[in-house]
Amino acid sequence: MSIDRKALPQLRPSVTADNNARDIAAARAQATFSVERLANYLYGGKQRRLHRDRILRIVEKDPVFSKSTRYYRSLEEQIAAGLAQSRRLVELRDQHGWNEAEFSQALTLVDDFLPITLHHILIKPLLRTQCTPKQQSRWLKDAEDWRIIGCYAQTELAHGSDLSKLETTATYIRETDEFEINSNSFTGSKWWIGGLGEIATHTILQARLILGGKDYGAHMFMVPIRSLDTHKPFPGITIGNIGPKAFGATNSTNNGFAYFDGYRIPRDNMLAKFAHVSKDGVYVSPPHAKVGYAGMLLLRVSLARDAGWALARAATIAIRYSAVRRQFASAGEEVPVLQYPNVYRRLLPFVAQAHVMLAGTDALAELFSQLNAGLATNDVSLLPEAHATSCCLKSLCTKTAADGIEEARRALGGHGYSAGSGYGAMYGHYVASNTVEGDNFLITQQTARFLLKVLQQANSAEKRSLPASAAYLAHVKTLTTTKCTVERPEDWLCMNVQEQVLTRRAARLAVELATALLQERKPWQALNTECWRLSVAHGHVLLASAMRHRVEEIMQADSVLYPVMKRLSELWFLHTVETHLGDFLEDGSIAPHQVQMLRAQLSTTLSALLPDAVGLVDAFDFPDYVLDSTLGRSDGRAYENLWENALRAPPINSDRNGNLRSLDATPFGYEEYIRPLLKRPARTGAKL
1 MSIDRKALPQ LRPSVTADNN ARDIAAARAQ ATFSVERLAN YLYGGKQRRL
51 HRDRILRIVE KDPVFSKSTR YYRSLEEQIA AGLAQSRRLV ELRDQHGWNE
101 AEFSQALTLV DDFLPITLHH ILIKPLLRTQ CTPKQQSRWL KDAEDWRIIG
151 CYAQTELAHG SDLSKLETTA TYIRETDEFE INSNSFTGSK WWIGGLGEIA
201 THTILQARLI LGGKDYGAHM FMVPIRSLDT HKPFPGITIG NIGPKAFGAT
251 NSTNNGFAYF DGYRIPRDNM LAKFAHVSKD GVYVSPPHAK VGYAGMLLLR
301 VSLARDAGWA LARAATIAIR YSAVRRQFAS AGEEVPVLQY PNVYRRLLPF
351 VAQAHVMLAG TDALAELFSQ LNAGLATNDV SLLPEAHATS CCLKSLCTKT
401 AADGIEEARR ALGGHGYSAG SGYGAMYGHY VASNTVEGDN FLITQQTARF
451 LLKVLQQANS AEKRSLPASA AYLAHVKTLT TTKCTVERPE DWLCMNVQEQ
501 VLTRRAARLA VELATALLQE RKPWQALNTE CWRLSVAHGH VLLASAMRHR
551 VEEIMQADSV LYPVMKRLSE LWFLHTVETH LGDFLEDGSI APHQVQMLRA
601 QLSTTLSALL PDAVGLVDAF DFPDYVLDST LGRSDGRAYE NLWENALRAP
651 PINSDRNGNL RSLDATPFGY EEYIRPLLKR PARTGAKL
């Protein structure tokens with residue numbers, strides 16, 4: 001929605017606004033590397049970026065995807081917008097012949113968690129990987145053609161963290177060859193289920209399988225929940241929307257609830273790629289007890305991968321605005337606040353963290369791809385490692401990103417609190433990732449259990465190869481007795497020093513946890529914090545390893561990008577150690593004078609990266625449409641954008657069609673509220 005400038009009073013030109021554009025251009029000109037080449041690397045090549053831009057033009061010009069009233073919608077309007085955008089995306093898919101990857105790109109560019117998102121990123125993959133060929137012939141084509149729309153129903157109203165404690169049951173009825181699904185109580189209602197509230201026709205349901213009175217644990221079932229003719233829920237199912245979410249975010253997702261009461265489905269609706277029930281009620285078990293965790297694992301991989309891009313987006317807005325926002329000076333003209341150490345010391349680490357998380361979660365995605373390839377032939381050998389790694393990186397990366405988004409907003413002064421800055425919606429949308437698919441502080445217990453098993457294996461007489469992600473535990477005795485060898489600030493830049501410091505910390509915390517359990521006999525539930533610390537330390541080892549491989553790959557492929565990428569890797573390490581100094585100081589592995597050297601090198605590295613700040617966030621290549629930020633626009637004209645954004649505000653300054661109210665007329669709410677307040681009768685005196 002554009003503003004009709006003829007309706008505005010005559011405004012004087014702003015020197016400050018013109019300076020904004022010059023400041024951002026000057027900051028861009030300082031880059032020491034090719035922004036274009038780094039963007040191409042991050043997106044997998046120039047052709048992929050160009051292809052994305054073609055899809056962007058289609059989405060951006062379509063009025064259904066207009067963001068002009070995004071921050072002013074009621075709950076009902078948000079739900080309606082999500083449904084309208086879902087319908088339009090599928091129509092555009094049909095119109096332009098988009099394949100799955102192209103549709104994924106369009107869904108990303110729309111930049112909202114739509115009620116069809118989970119169908120695309122989770123339901124279709126589960127149908128491909130968890131179903132038999134016969135089951136795929138029943139559902140997969142309709143799912144791919146959007147003739148049916150699914151959701152994933154695992155979470156329950158009162159469900160904790162143990163999948164085996166779900167209340168919902170699927171009991172086999174041998175006489176009718178059916179499963180009877182029951183929530184069993186209102187606390188067993190499926191809750192928070194994206195897409196369930198309004199749009200879903202089916203759900204992949206997690207329920208405890210009951211055969212002959214025996215509980216076989218959680219399994220997945222394909223459950224039709226609404227009529228394909230009327231879209232009404234089937235008898236035996238009660239469905240609704242759970243209502244608005246915190247921060248007013250993600251309401252378009254259609255999060256819903258479902259209560260099952262004696263609802264029956266055919267026996268063949270149990271997803272049977274790995275486990276099934278015969279007609280006479282005999283259970284055939286899967287090759288691994290946790291193979292049914294694939295849905296959670298896939299979502300955790302997706303959440304972890306999104307973290308790097310979410311933080312990159314927050315950093316883009318913050319650094320661009322800080323490059324044009326001027327404050328203070330000892331003499332003469334005020335300077336861009338990005339030049340102040342207290343600003344760039346807060347913001348530049350976010351750029352480094354984003355790059356390192358992108359590298360680490362790309363490696364996680366590759367591990368998941370290898371797992372899926374193995375599962376196709378019933379090879380589950382990678383499942384424990386993939387499960388532990390996904391828990392670790394989902395927890396670490398989503399918390400890092402959520403914390404970074406809010407800290408970036410705080411660095412922008414008062415304007416960062418405006419909805420138009422983009423941070424409110426970004427944080428509200430993203431912070432849910434810290435509890436979705438497992439609370440970040442709880443799922444790290446899965447990582448800790450895995451590492452304890454690897455540690456036990458490393459200490460056993462039987463010599464077997466350790467999982468690649470935890471192979472450093474083979475050297476636990478050497479690691480836990482080695483001191484940091486840094487003698488000069490620049491020694492902290494040695495990759496071998498960095499590896500030794502991070503792996504020693506993780507190995508020591510693993511040994512301490514094992515000691516607390518086996519020798520001190522402490523109960524597991526008393527060691528949650530120790531599990532969290534170990535998982536964080538292990539996550540830093542994983543991220544450092546992935547970034548090291550990425551930097552080495554770039555060194556061979558592009559000498560122009562190598563220096564800046566190496567410096568980002570170094571910044572991430574230095575910032576990580578400084579942030580977690582307690583872990584490194586408590587056992588004396590790092591001496592206080594070495595901490596002083598670390599901080600000196602951190603300051604040097606930050607100063608060296610500062611000229612590249614705007615170029616680095618430009619290389620993330622977020623279109624202005626996706627950023628949707630008055631402060632982070634690529635043209636740098638933050639104050640013009642803030643002014644125009646205020647004029648758009650319906651119903652205060654304009655209507656929903658973009659027609660300005662007369663700004664010198666009686667303001668909104670005067671007759672109803674303000675006039676009666678100001679013109680009320682005078683008080684006649686107290687009655688007490």
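The sequence shown runs 1 to 688 under full-length UniProt numbering.
Every residue, glycine too, gets a C-beta built ideally from N, C-alpha and C.
None of the values given here were measured: they were computed from a predicted structure.
Can you look up residue i in the DSSP assignment and give me helix, strand or coil?
i	result
residue 707	Because residue 707 is not part of the residues shown, which for the chain are 1 to 688, the question remains open.
T217	The amino acid occupying residue 217 in the given sequence is Gly; Thr does not appear at that position. Looking at G217 - three-state DSSP - the assignment turns out to be strand.
W524	helix
V436	coil
H276	strand
F65	helix
P681	coil
F179	strand
G404	helix
T117	helix
P244	coil
S395	helix
I210	strand
K232	coil
F573	helix
E552	helix
K165	helix
E366	helix
F328	coil
P13	coil
K566	helix
Alpha carbons only, please: which of the options is nearest the one belonging to residue i?
i	options	result
N254	C151, R267, I319, L348	C151
L271	T389, I674, S433, T132	T132
M426	E407, A310, S381	A310
V380	R409, E437, Y259, P287	P287
H119	D111, H387, E144, C391	E144
I79	K214, S589, D112	D112
L627	K67, L412, E91	K67
Q500	H540, S535, S390, D635	H540
V431	A106, T529, E406	E406
G248	E76, A411, G428	G428
S183	T201, E175, R174, H159	H159
I149	W492, I173, I123, D162	I123
Could you check the C-alpha separation between residue i and residue j for me, to the nearest Å?
i	j	result
P384	F450	7 Å
Y417	G404	15 Å
Q47	T168	48 Å
T478	L371	32 Å
V560	S589	36 Å
N653	A419	16 Å
F328	G256	51 Å
V617	A246	29 Å
D280	E180	16 Å
L367	S278	33 Å
T16	L610	23 Å
T481	L568	29 Å
H202	A354	36 Å
F350	G240	39 Å
E671	A665	12 Å
residue 712	E36	Missing from the structure shown is residue 712; the chain here goes from 1 to 688 and no further.
R410	G236	49 Å
S227	Y293	29 Å
D177	Y263	13 Å
Taking 7 Å as the limit between beta carbons, can you name the residues of its chain near residue i, skipping five residues before and five after?
i	result
E83	Per the sequence presented here, residue 83 reads as Leu, with Glu not at that position. Closer than 7 Å at Cβ, skipping near neighbours: P115, E198, I199.
K483	S589
Q594	C484, V486
H276	M270, V284
Using a Cβ-Cβ cut-off of 8 Å (strictly less than) and excluding sequence neighbours within five positions of residue i, which residues of its own chain qualify?
i	result
V476	L455, A458, N459, A507, A510, V511
By Cβ distance below 6 Å, which residues in the same chain neighbour residue i in space, the five residues on each side in sequence not counted?
i	result
C397	A304, A307, M357
R300	S390, K394, E437
A359	A546, M547, R550
V564	F33, D612
Worksheet item: Can you list, in chain order, the stretches of the alpha helix (DSSP H) that have 4 or more residues and sit fully within the stretch 476 to 544?
Response: 476 to 479, 495 to 518
Worksheet entry | Segments of 4+ residues assigned as alpha helix (DSSP H) that fall wholly inside the UniProt domain "Acyl-coenzyme A oxidase N-terminal" (34 to 149) | 35 to 42, 46 to 60, 75 to 96, 100 to 110, 124 to 130, 133 to 144
Worksheet item: Which whole runs of the alpha helix (DSSP H) in the stretch 572 to 614 are 4 residues long or more, in chain order?
Response: 581 to 585, 592 to 609
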